[in-house]
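Asks:
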Amino acid sequence: MAVVQEKELLCKEWLAKPKKLLIDGKWVEAKTNKTFKTYNPATEEVLAEIPEGGKEDVDLAVKAARRAFETGAFYNKFSASQRAKCLYTLADLIDKHADELAQLETLDNGKPIKESRWVDVPMTAETFRYYAGWCTKLEGETINTNNDFFTYTLREPVGVVGQIIPWNFPMLMLAWKWGPALACGNSVILKPAEQTPLSALRLGELALEAGIPEGVINIITGLGPDSAGEFIANHMDIDKIAFTGEDRTGQIIVKASAGNLKRVSLELGGKAPNIVFADADMDAAVNGAITGIFFNQGQVCCAGSRLFIEKKAQDEFMSKLLDRVGKMVQGNGLDEKTVIGPQVSKEQQERCLNYIDIAQKEGAKLACGGERPEGLDKGYFVKPTVFTNVNNDMRIAQEEVFGPVLSVIPFEKMDQVAEQANKTRFGLSGAVWTQDVKKAHKFVKKIQAGTVWVNCYNVFDPAVPFGGYKQSGYGRELGKHSIELYSNIKSVWMNLAD
Ligand code: ADP
């Protein structure tokens with residue numbers, strides 16, 4: 005099937021409508037009167053003008069969120085099961101509009117439509133369903149102290165939450181943030197990334213349609229520094245901030261949080277080791293290497309960007325890998341045949357090409373790719389790229405490229421590879437490929453990372469926690485751990501003494 009033609013786009017009419025901020029249940033213009041553009045990364049065409057929210061807009065959103073929270077609009081006035089119903093309805097609306105949302109995500113981010121349709125959209129709906137289930141399961145506990153007291157805990161929402169998300173999984177990151185925050189009864193102010201604001205605005209409409217009361221969800225589109233992002237991070241009446249993005253921005257967020265000591269959770273970068281032992285199922289490992297680095301054009305914080313291969317299997321592995329990479333179809337994400345789309349922006353394309361240049365200067369050997377693809381003059385494309393002869397100390401093996409660039413590093417001994425795998429400032433994820441169960445279990449313990457996949461890669465479920473060791477951040481999203489991030493525990497002492 006060819007590229008979806010413009011006239012066939014389900015989101016076409018919606019795209020043409022003026023874009024606004026969502027504050028207190030209403031779509032409003034930004035007080036700044038400023039806008040920025042969002043682009044289709046496959047064609048470099050402008051998709052829409054987006055309001056650039058400023059300080060006044062953030063203040064209004066915080067006020068609305070505070071009012072909604074203090075009046076218990078979604079908490080005391082709603083029963084837990086009413087709250088759950090809203091989240092289930094939102095998930096159903098996402099299913100109902102799945103094709104339209106998938107097209108919107110592909111247009112704005114560039115990712116292959118197959119991925120938007122079969123990963124981003126269904127996982128977004130699943131995340132809301134998972135957290136809908138939590139609404140009715142939030143509990144405190146009774147604690148035995150002594151007979152003169154009855155002691156128990158209450159689990160309560162944190163209050164007003166600022167959520168700043170990146171552009172690599174715009175819709176899914178929104179669900180990871182909104183799901184647990186809303187399940188616990190918080191009010192939120194979301195700032196989507198400036199590169200990909202569209203799906204958040206559409207989901208804002210669906211959230212209102214699902215019955216989430218006004219002021220509970222607010223969306224401020226805008227930029228980072230000296231714009232909506234910074235004003236959210238600095239705001240004195242925001243109780244918690246949840247951030248996903250670059251580690252350097254994470255440091256800024258932490259500093260900004262000091263003003264009112266708001267709670268912070270961070271999901272930052274990675275430089276994941278993907279370790280293939282000679283006894284692995286090689287076809288499966290090659291598959292995992294490809295998924296690990298090329299899924300979403302490598303714009304994944306847990307991308308398996310350092311591929312450690314046991315020397316005696318290197319030749320077999322490399323020949324299978326390069327054969328597969330050579331057959332990957334690159335093009336416009338709206339084309340059903342596409343398995344690798346463009347990078348999200350010109351800036352990201354240039355970043356990848358710059359790292360490719362650095363790697364070659366450092367002595368890494370280019371095995372394939374390393375340039376823009378021929379025949380694709382428009383769009384921010386970078387060919388899937390593999391480097392061999394990489395040393396773990398090179399910049400290409402230590403810095404986050406956030407693109408389709410794989411570094412292959414050979415190893416001989418298990419201890420040697422464990423040490424190298426951990427020699428990075430990040431610790432988000434890693435993977436091991438072996439058919440030896442004992443080796444796998446031993447190795448899982450050696451890897452300093454928040455997620456370790458064994459004989460698989462990039463597997464996710466809303467019930468399984470995700471987050472970083474070391475400079476990959478703190479706090480765990482998904483599962484019950486995210487409920488901890490978005491709730492407070494109150495201890496209650498009842499005096500029973502006569
Ligand atoms: P990337 O470089 O991958 O775009 P960023 O960390 O810069 O990652 O962006 C992730 C999110 O953080 C985006 O929504 C962006 O607008 C926001 N952001 C960037 N800089 C700041 C900042 N100084 N304060 C608050 N938010 C920011």
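If you count the sequence shown from 1, you need to add 4 to reach the numbering used here.
Ideal Cβ placement from N, Cα and C applies to all residues, glycine included.
As the structure is a computational prediction, the values presented were derived from the model and not from experiment.
1) Please classify Cys356: does DSSP put it in a helix, a strand, or coil?
2) Please state the DSSP three-state secondary structure of Arg376.
3) Determine whether the beta carbon atoms of Tyr473 and Gly431 lie at a separation below 8 Å.
4) May I have a chain-ordered list of the beta strand (DSSP E) segments no shorter than 3 residues that lie completely inside the region 114–189?
5) Do Ala422 and Lys382 have their CB atoms nearer than 8 Å?
6) Looking at the structure shown, is Lys275 part of a helix, part of a strand, or coil, going by DSSP?
7) What beta strand (DSSP E) runs, 3 residues minimum, are completely inside the region 241–302?
8) Looking at the secondary structure, which residues open and close the alpha helix (DSSP H) in which Leu13 lies?
9) Since Pro414 sits in a beta bridge, which residues does DSSP pair it with?
10) Quick one: is the Cβ of Lys195 within less than 7 Å of any heavy atom of ligand 1?
11) Quick one: is Met5 buried, meaning 16 or more other Cβ sit within 10 Å of its Cβ, or exposed?
12) Roughly how many whole angstroms lie between the Cα atoms of Gly308 and Ser495?
13) Could you tell me whether the Cβ atoms of Leu270 and Gly477 are closer together than 8 Å?
14) Can you tell me whether Pro229 sits near ligand 1, meaning its C-beta is under 7 Å from at least one heavy atom of the ligand?
15) Are there any heavy atoms of ligand 1 lying less than 7 Å away from the beta-carbon of Gly233, as far as the coordinates show?
16) Run the CB neighbour count on Met240, radius 10 Å, all protein chains shown included, and call it buried at 16 or more, exposed below.
17) Below 7 Å, is the gap between the Cβ of Thr93 and the nearest heavy atom of ligand 1?
18) In or out: Ile487 buried (at least 16 other Cβ within 10 Å) or exposed?
19) Pull up the distance between the alpha-carbon of Lys115 and that of Ala276, whole angstroms please.
20) Just to confirm my understanding: we take Gly27, look at its own chain, exclude 5 residues before and 5 after, and list those with CB closer than 6 Å. What are they?
21) With a threshold of 7 Å, establish whether the CB of Trp171 neighbours any heavy atom of ligand 1.
22) Measuring straight from C-alpha to C-alpha, what distance separates Trp122 and Tyr134?
23) So, helix, strand or coil for Tyr43, using DSSP?
24) How is Phe447 classed by DSSP in three states: helix, strand or coil?
25) Determine the extent of the beta strand (DSSP E) in which Ile493 is found, giving its start and end residues.
26) Is it the case that the Cβ atoms of Cys139 and Ser491 are separated by a distance below 8 Å?
27) Quick one: Cα of Ile168 to Cα of Ser261, how far?
28) Based on the DSSP output, what are the partners of Phe78 in its beta bridges?
29) Output yes or no for whether 8 Å exceeds the beta carbon distance between Gly29 and Leu205.
30) Using DSSP with H/G/I as helix, E/B as strand and the rest coil, what is Asp63?
31) At a threshold of 7 Å, does Ala179 count as lining ligand 1 (C-beta to nearest heavy atom)?
32) Relative to the alpha-carbon of Glu60, which residue among Val412, Gln475 and Ala232 has its alpha-carbon at the smallest distance?
33) Nearest by alpha-carbon distance to Leu25: which of Asn37, Leu380 and Glu17 is it?
34) How would you label Val386, buried or exposed, when you count the other beta carbons within 10 angstroms and need 16 or more for buried?
35) So the candidates are Glu234, Val220 and Leu91; which of them puts its Cα closest to the Cα of Gly226?
Replies: Straight from the coordinates:
1) Position 352 of the sequence shown holds residue 356. Residue state for Cys356 is assigned as helix, using DSSP reduced to three classes.
2) For the purposes of this step, residue 376 is identified with residue 372 of the sequence shown, where counting begins at 1. It is coil, neither helix nor strand.
3) In the sequence shown, residue 473 corresponds to position 469, counting from 1. In the sequence shown, residue 431 corresponds to position 427, counting from 1. Judged by beta-carbon spacing, Gly431 lies within the 8 Å limit of Tyr473, meaning their Cβ atoms are closer than that value.
4) The DSSP assignment places complete beta strand (DSSP E) segments of no fewer than 3 residues inside the region 114–189 at 153–161 and 164–168, in order along the chain.
5) For the purposes of this step, residue 422 is identified with residue 418 of the sequence shown, where counting begins at 1. For the purposes of this step, residue 382 is identified with residue 378 of the sequence shown, where counting begins at 1. Not in contact: Ala422 and Lys382 (Cβ atoms no closer than 8 Å).
6) As a position in the sequence shown, residue 275 is number 271, starting the count at 1. It is coil, neither helix nor strand.
7) Whole beta strand (DSSP E) segments, 3+ residues: 244–248, 267–271 and 277–280.
8) Here residue 13 refers to the residue found at position 9 of the sequence shown. For Leu13, no alpha helix (DSSP H) run applies, since DSSP gives it neither H nor E.
9) Looking up residue 414 in the sequence shown gives position 410. Paired residues: Ile313.
10) Walking along the sequence shown from the start, residue 195 turns up at place 191. Placement of the Cβ of Lys195 at a distance of less than 7 Å from at least one heavy atom of ligand 1 is found.
11) Reading the sequence shown from its first residue, position 1 is the one you call residue 5. Unreliable positioning characterises Met5 in this predicted model, as indicated by a pLDDT of 42, which lies under 50. A coordinate reading is not provided.
12) Taking the sequence shown and counting its residues from 1, one reaches residue 308 at position 304. Taking the sequence shown and counting its residues from 1, one reaches residue 495 at position 491. As the crow flies, the alpha-carbon of Gly308 is around 43 Å from that of Ser495.
13) Here residue 270 is taken as the residue at index 266 of the sequence shown, counted from 1. Here residue 477 is taken as the residue at index 473 of the sequence shown, counted from 1. Yes; because the gap between Cβ atoms is below 8 Å, this pair is in contact.
14) One-based indexing of the sequence shown puts residue 229 at position 225. True, at least one ligand heavy atom lies under 7 Å from that Cβ.
15) Counting from 1 along the sequence shown, the entry for residue 233 is found at position 229. Yes; taking the cut-off as 7 Å, the Cβ of Gly233 has a heavy atom of ligand 1 nearer than that.
16) Translated into the one-based positions of the sequence shown, residue 240 becomes position 236. Under a 10 Å Cβ-count criterion, Met240 is classified as exposed, with fewer than 16 other Cβ atoms of the shown protein chains found around its own Cβ.
17) Mapped onto the sequence shown, residue 93 falls at position 89. Because no heavy atom of ligand 1 lies under 7 Å away, the Cβ of Thr93 does not count as near it: no.
18) Translated into the one-based positions of the sequence shown, residue 487 becomes position 483. Buried.
19) Locating residue 115 in the sequence shown gives position 111, where the first residue counts as 1. Locating residue 276 in the sequence shown gives position 272, where the first residue counts as 1. Spanning the two alpha carbons is a distance of roughly 21 Å.
20) As a working mapping, residue 27 is identified with position 23 in the sequence shown. One detail in the question is off: residue 27 reads as Ile in this sequence, not Gly. Contacts found: Leu64, Ala65, Ala68 and Asn222.
21) For the purposes of this step, residue 171 is identified with residue 167 of the sequence shown, where counting begins at 1. Because some heavy atom of ligand 1 lies under 7 Å away, the Cβ of Trp171 counts as near it: yes.
22) As a working note, residue 122 is residue 118 in the sequence shown. As a working note, residue 134 is residue 130 in the sequence shown. Approximately 18 Å between the Cα atoms of the pair.
23) Reading the sequence shown from its first residue, position 39 is the one you call residue 43. DSSP places Tyr43 within a strand segment (E or B) once states are collapsed to three.
24) As a working mapping, residue 447 is identified with position 443 in the sequence shown. For Phe447, the three-state secondary structure derived from DSSP is helix.
25) Residue mapping note: residue 493 aligns to position 489 of the sequence shown, counting from 1. It spans Ser491 to Asn499 - the beta strand (DSSP E) in which Ile493 sits, taken as one unbroken run.
26) Along the sequence shown, read from residue 1 onward, the residue named residue 139 stands at position 135. Along the sequence shown, read from residue 1 onward, the residue named residue 491 stands at position 487. Cβ atoms of Cys139 and Ser491: not closer than 8 Å.
27) Here residue 168 corresponds to residue number 164 of the sequence shown, with the count starting at 1. Here residue 261 corresponds to residue number 257 of the sequence shown, with the count starting at 1. Here the alpha carbon of Ile168 sits roughly 13 Å from the alpha carbon of Ser261.
28) Residue mapping note: residue 78 aligns to position 74 of the sequence shown, counting from 1. The beta-bridge partner set that DSSP reports for Phe78 is empty.
29) Locating residue 29 in the sequence shown gives position 25, where the first residue counts as 1. Locating residue 205 in the sequence shown gives position 201, where the first residue counts as 1. No.
30) Taking the sequence shown and counting its residues from 1, the one referred to as residue 63 is at position 59. In the displayed model, Asp63 falls within a helix according to three-state DSSP.
31) Position 175 of the sequence shown, counted from the start, is the residue given in the question as residue 179. No, the Cβ of Ala179 stays beyond 7 Å of every heavy atom of ligand 1.
32) Counting from 1 along the sequence shown, the entry for residue 60 is found at position 56. For the residues Val412, Gln475 and Ala232, the minimum Cα distance to Glu60 belongs to Ala232.
33) Working through the sequence shown from its first residue, we reach residue 25 at position 21. Its Cα nearest to that of Leu25, the residue Asn37 stands out among Asn37, Leu380 and Glu17.
34) What you label residue 386 is simply residue 382 of the sequence shown in a count that begins at 1. Counting Cβ neighbours within 10 Å, Val386 comes out buried, since at least 16 surround it.
35) Indexing the sequence shown from 1 puts residue 226 at position 222. The candidate whose alpha carbon is nearest that of Gly226 is Glu234.
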